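Inspection log for the structure reproduced underneath, given as structure tokens.
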Ligand SMILES: [Zn+2]
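Numbering (the working numbering), first residue to last: 27 to 511.
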């Protein structure tokens, strides 16, 4: 739990003088007869003190509903909910809301294979390229957002609140990998037609420019077909490149093909509902089958080193893990349970990231705990240690410990952040930290304590959710220890 220091009366007075007697969440005055409370603005780090710069007054009503969010997060979330109160909302509305105006006029000219854009803030020059297939000219640019407008013709869809919120959170800590796609049409308007949630999330967080690839007056009819084919609501199974989609096709066969032929956006949630309503499966059954497809995809990933250590039967003595044990450990605790509602392969579908993150972590576990150590034929000290580390209850306990440590390291304070543990982009350097955490857990003396009575081994082996955990606590194998606090 974060360290909470009591504020002194004079500090409270100081904060009220600074912020006024107003709730930080919505800026409304707090009546004199109502008590005022205080809350942190940004999530504070585990070891940081409560500084006055990071605390603000808040009314009782908001304080009761804020949960584990920081004030900043809560305010952003409420502001977004307010913006979406009367739907539908389009990119134009969002730009207006944040910047006051949208779709400003500008001029441009083409000089020596470059385009010069004349904005109020000054001239911008970018080299022009030509598409080898269509002959259309295009350029990459970082454009001021108030010149943008939504491409009603090519992108008629409204913004989705949940997707926007998720991407907004994602971009708080992650870079944008691919630019949004725009066109300048014959009347000189700058229209954004692909990546609108990405752009909207950036603008929502206060960005004044947007990274874009811009086509210069392309044939809108051809572009519309391209866009529909690549990203339209009626796209077919063949479009999906994600391995998971192939896994679904393998496992669900006809059902999957049939679902793909239905109209509208495709998502896990949509597929779950299809299995329930069209295929008369129970909700539990449908959920289980979708989860199984996800699990199989992770285990069948050829780069997954841990898969080489799985036995076919749960009681196989020769291997440290089984599929059933992975379900109770890595999959149960580190994946978002299905269904997620995001459209498959859209900007906001993070299943691909989640899979990649989990496989990377499983590889670290294999490298640090098993490679060069697991040798049942040799049965030496290194192997015996690995056996204890991978005994039934132990794995259940340290997977949860590892998750808690990573949550703390990544500053995941809210329930939503914790729920979406790996359902996000995580940069490579973070995995160097995750490796240190795994190394530290595996270096604990609990794994090589002399144990003549066999009592510790027995407690580590007990296949339940609590026995090994309480042993960890007794022996101080805790998140605090792993993080070196
Ligand atoms: Zn309030």
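We put the beta carbon where it would ideally sit given N, CA and C, even for glycine. The structure presented is a predicted model; accordingly, all values stated were derived computationally and were not measured.
- Counting only residues of its own chain and dropping the five nearest sequence neighbours on each side, residue 473 has a CB closer than 6 Å to the CB of 411, 414 and 415.
- Note on geometry: alpha-carbon atoms of residue 152 and residue 213 lie some 20 Å from one another.
- The secondary-structure analysis by DSSP pairs residue 176 across a beta bridge with 218.
- The three-state secondary structure of residue 65, taken from DSSP, is strand.
- The closest heavy atom of ligand 1 lies 7 Å or more from the beta carbon of residue 499.
- With a 10 Å radius around the Cβ and a threshold of 16 neighbouring Cβ atoms, residue 91 comes out exposed.
- Rounded to the nearest whole angstrom, the CA to CA distance from residue 93 to residue 440 is 8 Å.
- For the pair of segments examined, the stretch 274 to 281 was found not to touch the stretch 194 to 211: the number of CB pairs separated by less than 8 Å stays below three.
- For the 8 Å CB-CB criterion, residue 165 and residue 136 do not form a contact.
- Judged by the Cβ position, residue 47 fails to qualify as a neighbour of ligand 1 at the 7 Å threshold, every heavy atom of the ligand being at least this far.
- For residue 84, the enclosing beta strand (DSSP E) stretches over residues 81 to 84.
- Judged by beta-carbon spacing, residue 218 lies within the 8 Å limit of residue 174, meaning their Cβ atoms are closer than that value.
- Comparing C-alpha distances from residue 332 to each of 457, 492 and 395 shows the shortest one belongs to 395.
- For the pair residue 380 and residue 457, the Cα-to-Cα distance works out to about 13 Å.
- Contact between the stretch 341 to 355 and the stretch 200 to 211 is absent: fewer than 3 CB-CB pairs across the two stretches fall below 8 Å.
- Straight-line spacing of the CA atoms in residue 41 and residue 32 works out to 14 Å.
- Taking a cut-off of 8 Å for Cβ pairs, the stretch 58 to 69 and the stretch 109 to 126 do not touch, as fewer than three such pairs fall below it.
- The shortest CA-to-CA distance from residue 398 to any of 226, 390 and 409 is the one to 409.
- In the structure shown, the three-state DSSP call for residue 40 is helix.
- Using a Cβ distance threshold of 8 Å, residue 281 and residue 305 count as a contacting pair.
- Contact annotation: residue 467 and residue 424 have beta-carbon atoms nearer than 8 Å.
- Within its own chain, the residues whose Cβ lies closer than 6 Å to the Cβ of residue 242, once the five positions on either side in sequence are excluded, are 163 and 210, listed in chain order.
- Taken through DSSP and simplified to helix, strand or coil, residue 194 comes out as helix.
- Nearest to residue 291 by alpha-carbon distance, out of 327, 371, 279 and 326, is 371.
- Following the DSSP letters along the chain, one finds residue 483 inside the alpha helix (DSSP H) bounded by residues 481 to 487.
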